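Colleague: Everything in the sequence shown is counted per our numbering, starting at 43 for the first residue and increasing by one.
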Amino acid sequence: MSGDILETFPNPAPERDYVIEHVGQEFTSVCPKTGQPDFATITLRYIPDHLCVELKSLKLYYFSFRNEGIYFEAVINQILDDFVASCEPRYAQVEGDFNVRGGIASSVTAEYRKE
Numbered sequence: 043m044s045g046d047i048l049e050t051f052p053n054p055a056p057e058r059d060y061v062i063e064h065v066g067q068e069f070t071s072v073c074p075k076t077g078q079p080d081f082a083t084i085t086l087r088y089i090p091d092h093l094c095v096e097l098k099s100l101k102l103y104y105f106s107f108r109n110e111g112i113y114f115e116a117v118i119n120q121i122l123d124d125f126v127a128s129c130e131p132r133y134a135q136v137e138g139d140f141n142v143r144g145g146i147a148s149s150v151t152a153e154y155r156k157e
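1) How many Å lie between P90 and F69 at the Cα?
2) Any idea if I47 is buried or exposed, counting beta-carbon neighbours within 10 angstroms, 16 or more meaning buried?
3) Tell me which same chain residues have a C-beta within less than 6 Å of the C-beta of G45, skipping the five on either side of it?
4) On the premise that V150 lies in contact with I118, defined as a C-beta separation below 8 Å, what is that separation, rounded to the nearest angstrom?
5) Name the two residues that bound the continuous beta strand (DSSP E) containing V95.
6) Roughly how many whole angstroms lie between the Cα atoms of P56 and Y133?
7) How long is the line joining the alpha carbons of S106 and L93, rounded to whole angstroms?
8) For I146, count the other beta carbons within 10 Å of its own beta carbon; 16 or more makes it buried, fewer makes it exposed. Which is it?
9) Sort out for me which residues DSSP pairs L86 with in a bridge.
10) Which class does Y103 belong to by DSSP, given the choice of helix, strand or coil?
11) Label Q67 either buried or exposed according to how many other C-beta atoms from any shown protein chain fall within 10 Å of its C-beta, with 16 as the threshold for buried.
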């Protein structure tokens, strides 16, 4: 995965803090232990600084995980790292709500705050 596939555009209101939320309901990856597909809803919330993420590139970035063997915790942190590297937001949060598997539903959240 690479943050360079996340395209950006200039923030139209960089003088103020405001929250943008994107919800991707068709995220899939593969469990590296079982090889079974994992399905999730990924919620990205952020306060932009000078850049905003372009949605088609975000969708294609999420699709790039489809055949990737990666644990829930790793995928959420990878998404956050790549997003921060591309957009340099003031604040970002990535939450993954993973579908029930083996009777257990999992949710993983990672946050970033600009210093």
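We put the beta carbon where it would ideally sit given N, CA and C, even for glycine.
All values derive from a computational prediction rather than experimental measurement.
Modeller: So, from the listed chains and residues:
1) Indexing the sequence shown from 1 puts residue 90 at position 48. Indexing the sequence shown from 1 puts residue 69 at position 27. Going by the C-alpha atoms only, they are around 23 Å apart.
2) Reading the sequence shown from its first residue, position 5 is the one you call residue 47. So I47 counts as exposed.
3) Mapped onto the sequence shown, residue 45 falls at position 3. Confidence is the limiting factor: at G45 the pLDDT is only 47, short of 50, which leaves the residue's position unreliable, though a coordinate-based value still follows. Around G45: D124, A127 and S128.
4) Reading the sequence shown from its first residue, position 76 is the one you call residue 118. Reading the sequence shown from its first residue, position 108 is the one you call residue 150. Contact flag correct, Cβ pair sits at about 4 Å.
5) Counted from its first residue, the sequence shown places residue 95 at position 53. Where V95 is concerned, the enclosing beta strand (DSSP E) stretches over L93 to V95.
6) The residue given as residue 56 occupies position 14 in the sequence shown. The residue given as residue 133 occupies position 91 in the sequence shown. P56 and Y133 have their C-alpha atoms roughly 13 Å apart.
7) As a first step, residue 106 is located in the sequence shown; it is residue number 64 there, counting from the start. As a first step, residue 93 is located in the sequence shown; it is residue number 51 there, counting from the start. Between S106 and L93, the C-alpha separation is close to 22 Å.
8) For the purposes of this step, residue 146 is taken as residue 104 along the sequence shown, with counting starting at 1. Its Cβ having fewer than 16 others within 10 Å, I146 is exposed.
9) Stepping through the sequence shown from its first residue, residue 86 is reached at position 44. BP columns for L86 point to H64 and V136.
10) The count along the sequence shown starts at 1 and reaches residue 103 at position 61. Looking at Y103 - three-state DSSP - the assignment turns out to be helix.
11) For the purposes of this step, residue 67 is taken as residue 25 along the sequence shown, with counting starting at 1. Per the 10 Å Cβ criterion, exposed.
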